[in-house]
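Chains as they are written, first to last, in my numbering: chain A, 1 to 345; chain B, 1001 to 1345; chain C, 2001 to 2345. See below for the structure under consideration.
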């Protein structure tokens, strides 16, 4: 592993260097685990006291934080700086391996420069794979898939026929792209399957979590836009559209034909009904359920969702409900008695 | 792609033809995307205005809908007609490929006529596969699996030992059939694994979503009956029975030994306790939680579930809870004061 | 299948034999399905009547239960005895097969004695696999994975680079170990991926369900401790720690950096916020949501969680909320009227 000079790291993140720029930094480490040659970071002030005991060689801090005896990179966004420095110090991308023995690539497939296709992968007819993309073992691309450059597709992923991925898309293991949408026409008591002949389009810089499923459209396109980040075990149903830079935590479910705005955030296990619209910059709390369209710039929680602060207050009162009920019943009796007394007079 | 005459499509769906039966139809398209040579459909009256601008050659409509300048197929169930016409116009089932190079099939396996087994599949000892069934790449069938005719098993699915599937079963990618049920006997603070020696039986015409898991029984059978449709990421625990034509949306969980009736509908992220019974024709709303047995012919929501309409009303009042609480406290003070005043007199 | 004498089974579970110890027992079966040569068990007294009609040769019972005409094994924990006897009667572990044709194992990998590696498996550089471990077809182990002895890894599982598993770990099909944690640093409206350079450590005797995902740590270790049992479709986020003998039902989600105590139980679809601590011996009811740290030895339910009994009572009152609201409004009017009347006098 190669080390990098602290001055170079400060420059990389646009930070101010305080101390010894010639320090050679090998790794990033958590504040309570860092050793000599490592850089750590202080994002949460409540851990500041740990800096007195750290063995780190340097630390990334907000402006105004003073640390004795340690070299500093001072910047406005230490968390982002940490991410960038960690990326820089990572082992370089492995050398491309080409199509490895045990991979099966259809002769009609078009492979870009410097691709790596591990054993056990099966690449169908007329597939296009961009330069620098890596398919880890046992990935399956059905016919007519188009995949951009510098994608990373982890082991066991499946991309079904005709789906399209942009550049720098990352699929964690066992992600499924382009499974049939869940569409059936009632035919008496039985159901008749509606062929799902659309596709999925995933734009640049999207990350898809392990075992997350994105269904192909019935007709047309299920669309996941630039920069979207989906955690593990998320369900995106057919004909959904997810706006740019939207983030969904694990076990979220978005039902069919729903349109999610840009820069939204979904907490774990949240869900939405189908055929609704969620505005831009909406945050849905964990386990929240959205049953109707909601406008932009809101924080919502509950089932069905309401403004988060309202929900917090209502939740605090929920356990008092039996007591309230008793109180109300007692009040009814008291009032009846009062009314009686007044009549008697 | 071959086209089909409009008159033939009208006959296929038992609809009335209005206009030019000789029109050659190539594809089905959404009402706002359809072009010349395509047929579209009008199911929701709110989209009727779009018919004025469509470039479609024909449209499937309910009786009583009039459209100028377009040929029509008029029928009672346009949505079902759409599904049937889309199925007819689909590319034909691909020609069978047999056991392709790179697939591994145990010599003791019995394969029906016209099967297709893609590279990377592993088929165990004594497996039986019916005629016309397709295994996409990297499917694994453990020993003694029995699979019917005309099944479609997508890439990465796993069917464990001894499980049985009927005819025309569809498994979306990475579905898991026959994983061990979650059974452990407490042994002090530790748990002792109970061997799961039962199987899963899936009847005809069932569809199982991507990454959906159906556990084998501890003893006996986990049963998914004819026509059941399971969406992605659904959990069916050991010894569950799911009745005919029941439909479950994504991320639903049915706990062990629960018996679900026929023609039920589960909204997304709904769940049930174990060892209970759910009657026929029950609908559980999204995120609903069923903790006790429920009778047939009901629509239920909430946690635990209650009649849907009751739940809707209660939910509408939920955000008012803090206000109600304040009101009750104020009422208590007012009554105390009133009682005081009355005493004073 | 070999049979075992009843006396040997009684000895195995430390139970008292009543009846014919020479009976040869072939299988375990449910009380309503058992036949000659089979042993069944009575755990739930409500099924006692079935014993009159069973064809079983023997039955495992609590002390004090009398059954005419059947041989008995009498013990304090019939359920555990059932599990142990079922394990004993199971087909023996299959004979080791070594590295089978069609598996790819890097030359630098170290394999213990008596391993079995099925076709389609891909084992990376410097992997270590302990004696007796079985990899079913199409398992992928990335570089530097360390796996203990007597593990069972079912088809389609993926273990990413550097993750470590103890002895006797069981992974159900398509489990994913070591996927990237969900970590992104905001960079304006966009997100910058934080490299996830930690690992997952799974200790001895852990079972991981089908399609369950355990993310690698950002820095450091995501830890699943000895004896933990995770059901299907569970999400364990980065840097989580799950304490010994903790059990989680299907579709549970534990958010990042949360620390779960020993011997906890999570009902299906429950979830927790990130960066919190859950004490030992905590039970979270199905669909429960834990948003703050909670102390040990509690049973909690609801969203956010509260003591289970409180939640039960509050839930019972929930459907009465609209009625309570009406009552309160009526009480307000009544009180206003009373106050008026008093003033008038």
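Quick reminder that beta carbons are idealized off the backbone N, C-alpha and C, glycines included.
Supposed close pair residue i, residue j - CB separation, criterion 8 Å
| i | j | result |
| --- | --- | --- |
| residue 327/A | residue 1332/B | 7 Å |
| residue 1208/B | residue 1230/B | 5 Å |
| residue 47/A | residue 31/A | 6 Å |
| residue 1305/B | residue 2086/C | Actually they are not in contact, since the Cβ atoms of residue 1305/B and residue 2086/C sit about 35 Å apart, beyond 8 Å. |
| residue 2159/C | residue 2181/C | Residue 2159/C to residue 2181/C, Cβ: 15 Å. No contact. |
| residue 70/A | residue 19/A | 7 Å |
| residue 1268/B | residue 271/A | 5 Å |
| residue 1176/B | residue 2173/C | 5 Å |
| residue 338/A | residue 2233/C | No, residue 338/A and residue 2233/C are not in contact; Cβ-Cβ is about 58 Å, not under 8 Å. |
| residue 2238/C | residue 2216/C | 6 Å |
| residue 1120/B | residue 120/A | 6 Å |
| residue 166/A | residue 199/A | The Cβ separation is near 13 Å, so there is no contact. |
Residues that residue i contacts on chain B, provided the C-beta gap is smaller than 7 Å
| i | result |
| --- | --- |
| residue 2039/C | Per Cβ cutoff of 7 Å: no residues; residue 2039/C is ~11 Å from chain B at best. |
| residue 2047/C | Neighbours of residue 2047/C on chain B: none; closest Cβ ~12 Å, over 7 Å. |
| residue 213/A | 1210, 1211, 1232, 1233 |
| residue 161/A | Those within 7 Å of residue 161/A in chain B number zero; the least Cβ separation is about 10 Å. |
| residue 2237/C | The contacting residues do not exist; residue 2237/C stays about 17 Å from chain B at best. |
Contacts that residue i makes with chain B (C-beta to C-beta distance below 8 Å)
| i | result |
| --- | --- |
| residue 2142/C | Chain B residues near residue 2142/C: none, gap ~17 Å exceeds 8 Å. |
| residue 2335/C | 1331, 1334, 1335, 1338 |
Spatial neighbours of residue i in its chain, beta-carbon cut-off 6 Å, leaving aside the 5 residues before and after
| i | result |
| --- | --- |
| residue 1043/B | 1078, 1079 |
| residue 2131/C | 2112, 2113, 2114, 2149 |
| residue 2146/C | 2128, 2164 |
| residue 1299/B | 1283, 1308 |
| residue 1110/B | 1128 |
| residue 1075/B | 1013, 1015, 1081 |
| residue 289/A | 271, 303, 304 |
| residue 1291/B | 1273, 1304 |
| residue 1050/B | 1031, 1032 |
Closer than 8 Å at the beta carbon, the chain C residues around residue i
| i | result |
| --- | --- |
| residue 325/A | 2317, 2320, 2324 |
Chain A residues whose Cβ lies nearer than 9 Å to that of residue i
| i | result |
| --- | --- |
| residue 2266/C | By Cβ distance, chain A contributes nothing, its closest Cβ being about 13 Å from residue 2266/C, past 9 Å. |
| residue 1974/C | Missing from the structure shown is residue 1974/C; chain C here goes from 2001 to 2345 and no further. |
| residue 2255/C | 249, 250, 267, 268, 286 |
Own chain, CB closer than 7 Å to residue i, minus 5 neighbours either side, in chain order
| i | result |
| --- | --- |
| residue 1062/B | 1078 |
| residue 1017/B | 1006, 1007, 1010, 1073 |
| residue 118/A | 100, 103, 135, 136, 137 |
| residue 1004/B | 1025, 1088, 1089 |
| residue 253/A | 235, 271 |
Contact set between residue i and chain C, taken where Cβ atoms lie within less than 9 Å
| i | result |
| --- | --- |
| residue 1306/B | 2318, 2319 |
8 Å Cβ cut-off: residues of chain A touching residue i
| i | result |
| --- | --- |
| residue 1090/B | 195, 197 |
Chain-ordered chain C contacts of residue i [CB-CB under 7 Å]
| i | result |
| --- | --- |
| residue 245/A | 2189, 2190, 2191 |
| residue 1104/B | 2102, 2119 |
Closer than 7 Å at the beta carbon, the chain A residues around residue i
| i | result |
| --- | --- |
| residue 986/B | Here chain B has residues from 1001 to 1345 only, and residue 986/B is not among them. |
| residue 2009/C | What residue 2009/C touches in chain A: nothing, since even the nearest Cβ is about 40 Å away. |
Proximal chain B residues relative to residue i, where beta-carbon distance stays under 9 Å
| i | result |
| --- | --- |
| residue 2097/C | Under the 9 Å cutoff, chain B gives no residues; its nearest Cβ is about 12 Å from residue 2097/C. |
| residue 2387/C | This structure does not reach residue 2387/C, given that chain C is present from 2001 up to 2345, and the question cannot be answered. |
| residue 2310/C | Simply none; closest approach about 15 Å. |
| residue 328/A | 1324, 1328, 1331 |
Own chain residues within Cβ distance below 8 Å of residue i, not counting five before or after
| i | result |
| --- | --- |
| residue 314/A | 302, 306 |
| residue 2263/C | 2243, 2244, 2245, 2246, 2280, 2281 |
| residue 183/A | 193, 194, 196, 218, 238, 256 |
Report yes or no: do three or more beta-carbon pairs, one from the segment 1186 to 1194 of chain B and one from the segment 191 to 201 of chain A, lie closer than 8 Å? no
Does the segment 129 to 145 of chain A come close enough to the segment 154 to 161 of chain A to have 3 or more Cβ pairs within less than 8 Å? yes
Of all the residues that make up the segment 69 to 83 of chain A, which are near chain C by a beta-carbon distance shorter than 8 Å? 77, 79, 80, 82, 83
Quick one, which residues of the segment 1164 to 1189 of chain B are near chain A if we go by CB-CB under 7 Å, in chain order? 1172, 1173, 1174
I'd like to know if the segment 208 to 223 of chain A and the segment 1240 to 1249 of chain B are in contact, where contact means that at least 3 CB-CB pairs between them fall below 8 Å. no
Which residues, in chain order, does the segment 1113 to 1136 of chain B contribute to contact with chain A at a C-beta distance below 9 Å? 1118, 1119, 1120, 1136
Residues within the segment 1266 to 1298 of chain B neighbouring chain A, beta-carbon criterion of under 8 Å: Cβ contacts with chain A: 1268, 1269, 1286, 1287.
Check distances from the C-beta atoms of the segment 2219 to 2230 of chain C to those of chain B and list, in chain order, the residues that come in under 7 Å. 2227, 2229
For the segment 1008 to 1035 of chain B, list every residue whose C-beta sits within 9 Å of some C-beta in chain A, in sequence order. 1027, 1028, 1029, 1030, 1033
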